[in-house]
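**Q**
Numbering (our numbering), first residue to last: 69 to 502.
(1) Just to confirm the assignment, what range does the beta strand (DSSP E) spanning residue 273 have?
(2) To the nearest angstrom, how far is the alpha carbon of residue 488 from that of residue 417?
(3) With three or more C-beta pairs closer than 8 Å as the rule, is the region 272 to 286 touching the region 168 to 186?
(4) What three-state label does DSSP hand residue 43 in the structure shown?
(5) State the Cα-Cα distance for the pair residue 226 and residue 133, rounded to the nearest angstrom.
(6) Just curious, the alpha helix (DSSP H) that residue 455 is in, first and last residue?
(7) Taking just the CA atoms, how far does residue 153 sit from residue 193?
(8) Throw me the rounded Cβ distance for the residue 339 and residue 103 pair, which I believe falls under 8 Å.
(9) Which first and last residues belong to the beta strand (DSSP E) in which residue 148 is found?
(10) Could you check which residue in 424, 442, 448 and 376 has the C-alpha nearest to that of residue 400?
(11) Quick one: give me the first and last residue of the beta strand (DSSP E) that residue 260 is part of.
(12) Going by other Cβ atoms of all chains shown within 10 Å of its Cβ, with 16 needed for buried, is residue 244 buried or exposed?
(13) For residue 93, which of helix, strand or coil comes out of DSSP?
(14) Have a look at 458, 468 and 438 and flag the residue whose alpha-carbon is nearest the alpha-carbon of residue 494.
(15) Compare the C-alpha of residue 295 against each of 411, 330 and 457 and name the closest.
(16) For residue 290 and residue 333, which I take to be in contact (beta-carbon distance under 8 Å), what is that distance rounded to the nearest angstrom?
(17) Which class does residue 416 belong to by DSSP, given the choice of helix, strand or coil?
(18) Helix, strand or coil for residue 298, going by three-state DSSP, please let me know.
(19) Suppose you measure from the CA of residue 298 to the CA of residue 327; what does that come to, to the nearest Å?
(20) Going by other Cβ atoms of all chains shown within 10 Å of its Cβ, with 16 needed for buried, is residue 478 buried or exposed?
(21) According to DSSP, is residue 277 part of a helix, a strand, or is it coil?
(22) Verify whether the separation of the beta carbon atoms of residue 452 and residue 496 is less than 8 Å.
(23) Are the CB atoms of residue 177 and residue 158 nearer to each other than 8 Å?
(24) Mind listing, in chain order, the continuous alpha helix (DSSP H) runs of no fewer than 4 residues lying wholly within the region 96 to 129?
(25) Going by other Cβ atoms of all chains shown within 10 Å of its Cβ, with 16 needed for buried, is residue 94 buried or exposed?
(26) Would you say residue 111 and residue 118 are within 8 Å of each other, going by their C-beta atoms?
(27) So which of 427, 269 and 476 has the shortest CA-CA distance to residue 440?
(28) State the Cα-Cα distance for the pair residue 398 and residue 272, rounded to the nearest angstrom.
(29) Report the three-state DSSP secondary structure of residue 200 (helix, strand or coil).
(30) DSSP puts residue 404 in a beta bridge; with which residues?
(31) Using the Cβ count rule (16 or more neighbours within 10 Å means buried), how would you classify residue 468?
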């Protein structure tokens, strides 16, 4: 049993860990990290929000709405929803070598000796000073794929795969991320590893010992092969038998899941942090492309009284440029339903509109390039209307101050052949019309 002095020392160590290092992305309550995962139906997003930070632990809320591609799932819902909490111990954030990046509703909230949103400070430091580090990560949702028992509570440690890491190169690799609504080049350390089966993976870790977020990883690089001759023959037979319903979305999805149209090697898993919103009061240090060191629209602050920093930044953009791109209004997958994590940004828009009663806004919806022109146009129209309805119903805004339109995929901001480019194209645009 620890003495009072030992407990006090642990608390001091935790406080020092959280405050002594100057963090580029402060690990504090309100920090929101959005990760994009590519599926056969399009990109879906998981949202991790830091709810609390104390001397000895960090509590994370995880929210995900993703396409249901499990043909054996008794639940026929096309979209699955998951909201869970994970608590990471400060000592593990400092020194753990296991990365439990998979969130399930059946895991314990605290999984000792693991991290959840990135690697530990010790791993990053070892990569930078020694060029290598021990490392393991969770491979699959074990209770379904390995045990076949959907009711069994998985032992998180059983599904850890050792992938010793080696640093790639000696220079920092900059990756674009939407930080507080602005495109920012974040510095990362690139590492690579190979598991016992010979599958290769690569990782890009934020170069920030106070918060070494996993910005991107690719697992099983090129491990998923095109169908062989026998499988291609089976696919051709299925397509022939399903010719009358070939345009049915479920048929298209099923054939894609089998890899019938795959023509080249693909990665087993690719995850990419695409958006970071800081509502910590100090904001995120802008680097390259961010401009001026300031936060963008939606970057909240922790001031006492008065407008939030996010509302002030949005106001400045609408005053100066008469328009602003908003990335922190989140929608359910392929839907116009606004997710609850959008609340702070909607509140900031309402703050600005109350402060300027003569302003009027055109709310424009934009999508990425996945799916048809017609589908995206309709989806963007519905999403723009949903934003207006939320402002009217939740914040008592005058509906006559808003117009809505959907522009689909007609005005991309970035490429549509990368997961981060598509994320930049999915947005709500506010344009002053007064």
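The C-beta atom is built at its ideal place from N, Cα and C for all residues, glycine as well.
Keep in mind the model is a prediction, meaning the values are calculated, not measured.
**A** With the given structure in hand:
(1) 268 to 274
(2) 25 Å
(3) yes
(4) Nothing about residue 43 can be reported from this structure: the residues present for the chain run from 69 to 502 only.
(5) 26 Å
(6) 441 to 463
(7) 28 Å
(8) 5 Å
(9) 147 to 157
(10) 448
(11) 250 to 262
(12) buried
(13) coil
(14) 438
(15) 330
(16) 4 Å
(17) helix
(18) helix
(19) 13 Å
(20) exposed
(21) coil
(22) yes
(23) no
(24) none
(25) buried
(26) no
(27) 476
(28) 25 Å
(29) strand
(30) Partner(s): none; residue 404 has no beta bridge.
(31) exposed
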